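Numbering (this note's numbering), first residue to last: 19 to 488.
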């Protein structure tokens, strides 16, 4: 989690300010709060919200951490402890992160899904047993890979938000017992002078005894937190529109946070085998909105085969398609017929993906989001059905090998390269906010020098136009 410091923390304290009773939070039920509030407990809902389906999960049933899903994060000195893989184990179907002391040094652990799984919007859930001790805290949270990128400061929607779904401490900095509750905190604009944060309200009760289920619903307009099925917290600002990854962690960062979690015991936490400072996790699950389809591609390259899609959900017209590290052996998708998507996303994976076939791929207002270590090649004809943005990060390339129709609708941003190899008669009307537009020779009539930066999307846009041979 990001630092909790002496900076101003936006929060409301006191009693409940409203009642939130989902069948599920919706536009009609969620009030437009500008800050995060503690909400009165509603009727219990133990299941995921309707309209969502399971895409990714870890039940921790194996003998050791599944490194195809998780990585150890921030190994080495972090704050007042050494982060080590030795603090992470799987026991009796639970992930266990232990905070312990050896030879006068404190140790703890942190795992995350960065580069292996991320998501944008949906319902995230973890069942956790917190056994915190003074001086340390544990958390279940989502992080953005671009939170520290200055180009996005002032725009948390694009830069992302550190979303601390639940942070658990035994005591606060005054030494008061807060072990029965957790805190929700949001951070954005990096961790320097521009840093901003939201939170501070303690929610829940009895959370220091046994397992409890923590749910997080993230939509385009709201973020909401539930404990054991009761929706207790929500905010409508800031809302990240960036794909983000999952983190489970325990930390000791007393000097940095002015002992936000109190002081460690004078004699430490005990050795790894005897320490009582443990975070046990029964499961972590992610449920996607039903309008978002994740390619798995483990059977064939055929678009219409349900086994190629998470949950068997072949994209319907107007859905979002996500190409990610969930993809199997097939990174080349063959369109079986004309396809209309609202959005095309490439996340996490280092693999290069290709969409191929003679049929047209039509993209709606959601545009294209490349947030991966691989590139994307579109060999299909592409038609832009609405004004849209293609976000391509620096060092990455999207190649349109087929014809690009209605190119006037396109804004390019992110600092990467869009290479047009097929006919694109309106290439001169593409707005380049940040990045490079490469045109094939037969697009010379598009007058590449006329392509222009989009006003006010980013400060000091970088515009590079290159005409290359076919």
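All residues carry an ideal CB built from backbone N, CA and C; glycine is no exception.
Quantities reported herein were computed from a predicted structural model and do not represent experimental measurements.
Asked, Found
"Note the first and the last residue of the continuous alpha helix (DSSP H) segment covering residue 176.", "174–177"
"In or out: residue 195 buried (at least 16 other Cβ within 10 Å) or exposed?", "exposed"
"Taking the C-alpha atoms as reference points, what is the distance between residue 240 and residue 137?", "16 Å"
"Give me the Cα-Cα distance between residue 425 and residue 366, rounded to the nearest whole angstrom.", "27 Å"
"What first and last residue would you give for the alpha helix (DSSP H) that runs through residue 273?", "272–275"
"With a floor of 3 residues, list each beta strand (DSSP E) that falls wholly inside the segment 439–464, ordered by position along the chain.", "453–458"
"Report yes if the C-beta distance between residue 135 and residue 206 is below 8 Å; otherwise report no.", "no"
"On the three-pair Cβ rule with 8 Å, is the segment 348–360 touching the segment 320–329?", "yes"
"Rounded to the nearest angstrom, how far is the Cβ of residue 145 from that of residue 300, given a contact under 8 Å?", "4 Å"
"Anyone know if the C-beta pair for residue 324 and residue 315 falls short of 8 Å?", "no"
"Provide the residue(s) that pair with residue 268 in DSSP beta bridges, ordered along the chain.", "156"
"In this structure, what does DSSP give as the bridge partners for residue 125?", "100 and 118"
"Does the beta-carbon distance from residue 305 to residue 72 come in below 8 Å?", "yes"
"Would you call residue 227 buried or exposed, if buried means 16 or more other Cβ atoms sit within 10 Å of its Cβ?", "exposed"
"I'd like the list of long-range same chain contacts for residue 170, defined as Cβ closer than 7 Å, with 5 residues on each side in sequence excluded.", "164, 176 and 177"
"For the beta strand (DSSP E) containing residue 221, list its first residue and its last residue.", "214–221"
"Can you tell which of 191, 295, 155 and 168 has the C-alpha that lies nearest to the C-alpha of residue 182?", "155"
"With a 10 Å radius around its C-beta and 16 neighbouring C-beta atoms as the bar for buried, classify residue 333 as buried or exposed.", "buried"
"Please classify residue 126 as buried or exposed, where buried requires at least 16 other C-beta atoms within 10 Å of its C-beta.", "buried"
"Using the three-state DSSP reduction, which class does residue 58 fall into: helix, strand or coil?", "Unreliable positioning characterises residue 58 in this predicted model, as indicated by a pLDDT of 38, which lies under 50. The coordinate reading is nonetheless provided below. The answer is strand: DSSP assigns residue 58 an E or B state."
"What is the DSSP secondary structure of residue 228, counted as helix, strand or coil?", "coil"
"With 16 as the cutoff for other CB atoms within 10 Å, does residue 99 come out buried or exposed?", "buried"
"Does the pairing of the segment 115–123 with the segment 285–292 give three or more beta-carbon distances under 8 Å?", "yes"
"Nearest-angstrom Cα distance between residue 430 and residue 407?", "6 Å"
"What residues in its chain sit with their C-beta under 7 Å from that of residue 50, if we drop five residues either side in the sequence?", "Caution is warranted here: a pLDDT of 34 is assigned to residue 50, below 50, making its placement in the model unreliable, and no coordinate value can be reported."
"Kindly indicate which three-state DSSP category residue 259 falls into: helix, strand or coil?", "coil"
"So, helix, strand or coil for residue 320, using DSSP?", "strand"
"From residue 114 to residue 149, what does the alpha carbon distance come to, in whole angstroms?", "11 Å"
"What does residue 423 pair with, by DSSP beta-bridge criteria?", "401"
"Please work out which residues of its chain come closer than 6 Å, Cβ to Cβ, to residue 311, disregarding the five sequence neighbours upstream and downstream, and give them in chain order.", "327, 331, 333, 337 and 339"
"How close, in whole Å, do the beta carbons of residue 193 and residue 280 come, if the pair is a contact with beta carbons under 8 Å?", "6 Å"
"What residue range is occupied by the uninterrupted beta strand (DSSP E) comprising residue 253?", "248–253"
"When DSSP labels each residue in this structure, what does residue 298 get in the three-state scheme?", "strand"
"Give the secondary structure of residue 40 by DSSP, where H, G and I count as helix, E and B as strand, and everything else as coil.", "The pLDDT assigned to residue 40 is 40, lower than 50, so where the model puts this residue is not dependable; a value taken from the coordinates is nonetheless given after this. The answer is coil: DSSP assigns residue 40 none of H, G, I, E or B."
"Can you round the beta-carbon distance between residue 436 and residue 456 to whole angstroms, since I take them to be within the 8 Å contact cut?", "7 Å"
"My understanding is that residue 489 touches residue 403, with C-beta atoms under 8 Å, so please give their C-beta distance in whole angstroms.", "Because residue 489 is not part of the residues shown, which for the chain are 19 to 488, the question remains open."
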